DNA sequence: GTTCAGTTGAAAATGAGTTTCGATACATCC
DNA sequence: GGATGTATCGAAACTCATTTTCAACTGAAC
């Protein structure tokens with residue numbers, strides 16, 4: 254995926270955070286993982302860049318990135334997933350194999366800042382559930 | 254909540270499953286819990302009906318109900334939630350206190366059975382994220 | 001190069017959810 | 001109503017993702 258990590262690094266430096274090999278590796282792993290990666294996948298990919306990376310640091314860095322708004326965190330089928338912040342989009346989730354694909358349409362007409370029954374709405378999350386081409390084939 | 258549990262009990266009997274005090278209690282707890290209850294809440298409420306109920310049985314019964322299609326299972330903020338099957342609806346989730354409220358509108362135009370990019374869509378899940386009236390007050 | 005606080009990673013702790021297995025109690029038969 | 005067989009129960013043990021702890025390490029500044 255094309256994602257420029259330098260703004261993240263700059264933001265860290267400017268806030269007094271350190272730019273370490275471990276953090277670079279997690280960012281790199283996240284980029285390579287593509288859409289909606291789980292923690293293990295990021296860990297596996299990041300470890301190729303920085304072999305002595307610990308899983309704990311992956312958790313910590315992903316959490317940091319999420320708190321700073323660089324990545325989105327969500328869950329599907331008991332798996333926590335992270336993805337680099339991108340233009341608003343949703344997901345197609347395969348109930349057979351668990352793969353996740355991006356869906357760029359958004360049919361939700363509730364703007365951020367709107368009020369619904371007293372709730373101040375700041376965002377939303379939509380998943381279309383179903384079966385990917387491969388799993389459809391298997392089910393026949 | 255108004256939910257008639259007798260069809261569930263009948264279905265169980267007709268399939269050779271046993272209608273036990275523990276299972277009745279879990280159903281009762283689920284009814285009392287209202288919209289989108291987590292396992293602990295169901296356990297706590299069901300235990301009032303049947304004090305020697307074990308947590309394991311709550312997990313097992315909720316899983317059974319989900320497999321048979323009587324309840325929906327979903328996750329939010331790391332918490333697994335179950336709710337009795339009801340007319341199609343979505344949820345308002347408070348990012349402050351975690352409470353969940355029902356939202357009866359559905360702006361998603363993708364019918365079950367439609368195909369999106371090769372995916373066969375069988376359903377969807379939508380959550381509006383934001384802050385409930387109480388949490389809005391606290392944030393001031 | 002020295003310093004020092006932010007960061008790391010191994011190990012231990014936590015906690016939700018699952019499995020195991022002997023005990024229990026529904027549903028059926030008589 | 002009581003005996004029987006098996007589905008179900010619940011306590012304890014287990015699994016595994018995630019978090020906490022803490023001594024060692026290392027960016028960044030001087």
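Residue numbers (our numbering), protein chains in the order written: chain A, 254 to 393; chain B, 254 to 393.
Backbone N, C-alpha and C define an ideal beta-carbon position, used for all residues, glycine too.
What you are looking at is a predicted structure, and each value in this text was computed from that prediction instead of being measured.
C-beta contact flag for residue i and residue j at 8 angstroms
i                      : j                      : result
residue 337 of chain A : residue 256 of chain A : yes
residue 282 of chain B : residue 302 of chain B : yes
residue 382 of chain B : residue 356 of chain B : no
residue 341 of chain B : residue 379 of chain B : no
residue 323 of chain B : residue 391 of chain B : no
residue 400 of chain B : residue 371 of chain A : An answer regarding residue 400 of chain B cannot be provided, because it is not within the stretch 254 to 393 covered by chain B.
residue 304 of chain B : residue 361 of chain A : no
Beta-bridge partners of residue i, as assigned by DSSP
i                      : result
residue 327 of chain A : A/334
residue 387 of chain B : None, per the DSSP bridge assignment.
residue 356 of chain B : B/343
residue 291 of chain B : B/334
residue 373 of chain B : A/384, B/368
Own chain, CB closer than 7 angstroms to residue i, minus 5 neighbours either side, in chain order
i                      : result
residue 363 of chain A : 369, 374, 377
residue 327 of chain A : 334, 378
Close beta carbons around residue i, own chain, < 6 angstroms, minus the five adjacent residues each side
i                      : result
residue 367 of chain B : 374
residue 289 of chain B : 334, 336, 353
residue 329 of chain A : 346
residue 276 of chain A : 314
residue 298 of chain A : 282, 285, 286
Residue i, DSSP secondary structure in three states
i                      : result
residue 347 of chain A : strand
residue 281 of chain B : helix
residue 363 of chain A : coil
residue 368 of chain A : strand
residue 314 of chain B : helix
residue 272 of chain B : coil
residue 379 of chain B : strand
residue 266 of chain A : helix
residue 304 of chain A : coil
residue 393 of chain A : coil
Same chain, Cβ closer than 8 angstroms to residue i, five either side skipped, listed in chain order
i                      : result
residue 295 of chain B : 279, 282, 283, 286, 311, 315, 335
residue 332 of chain B : 291, 351
residue 266 of chain A : 272
Against chain B: residues of the region 357 to 384 of chain A by CB proximity under 8 angstroms: 360, 361, 362, 363, 369, 370, 371, 372, 373, 374, 375, 376, 377, 378, 379, 380, 381, 382, 383, 384
What are the residues in the region 331 to 355 of chain A lying within 8 angstroms of chain B by C-beta distance? Hits within the stretch, in order: 331, 333, 345, 347, 348, 354.
The region 309 to 323 of chain B: which residues have C-beta closer than 9 angstroms to a C-beta of chain A, in chain order? Residues of the region 309 to 323 of chain B with a Cβ closer than 9 angstroms to any Cβ of chain A: none.
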